[in-house]
Amino acid sequence: MLDILEYVHAHDFIHRDIKPANFVMGTGNHCNKLFLIDFGLAKKWTRRPIPFREDSLIGTDRYASINAHMCFEQSPRDDLESL
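Heads up: the sequence shown is residues 6 to 88, going by the numbering used here.
Right under this line is the structure:
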């Protein structure tokens, strides 16, 4: 799981919806490989200061980071916290 997130973050993206249902095992020749799915809330990470936003929670509330619950823009650390 950490290797997958490291790969996503190395390409300057944040998933923003890390939860058990978004990790799946492959089939056939990939049956021993873990995949991360559902990039519908993913966002390009600009590495700029993280502003406050007044929107609603982004992600699944049960697995969302503290910053997400406090309506702060998310960063890679929030993906890790959700993990």
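For every residue, glycine included, the Cβ atom is placed at its ideal position computed from N, Cα and C.
Quick caveat, the model's predicted, so the values are computed rather than measured.
Does the ligand ADP have even one heavy atom less than 7 Å from the beta-carbon of A15? The ligand content of the structure shown is nil, which means the ligand ADP is not present either.
Out of curiosity, what's the CA-to-CA distance linking G33 and D43? If you number the sequence shown from 1, residue 33 lands on position 28. If you number the sequence shown from 1, residue 43 lands on position 38. C-alpha separation (whole angstroms): 21 Å.
Alpha carbon to alpha carbon, how far is F28 from K48? Within the sequence shown, the letter at position 23 stands for residue 28. Within the sequence shown, the letter at position 43 stands for residue 48. Taking the straight line from one Cα to the other gives about 18 Å.
So, with DSSP's three-state summary, where would you put I71? One-based indexing of the sequence shown puts residue 71 at position 66. Residue state, collapsed to three classes: helix.
Determine the DSSP secondary structure at I19, reduced to helix, strand or coil. Residue numbering aside, residue 19 sits at position 14 when the sequence shown is read from its first letter. Residue state, collapsed to three classes: strand.
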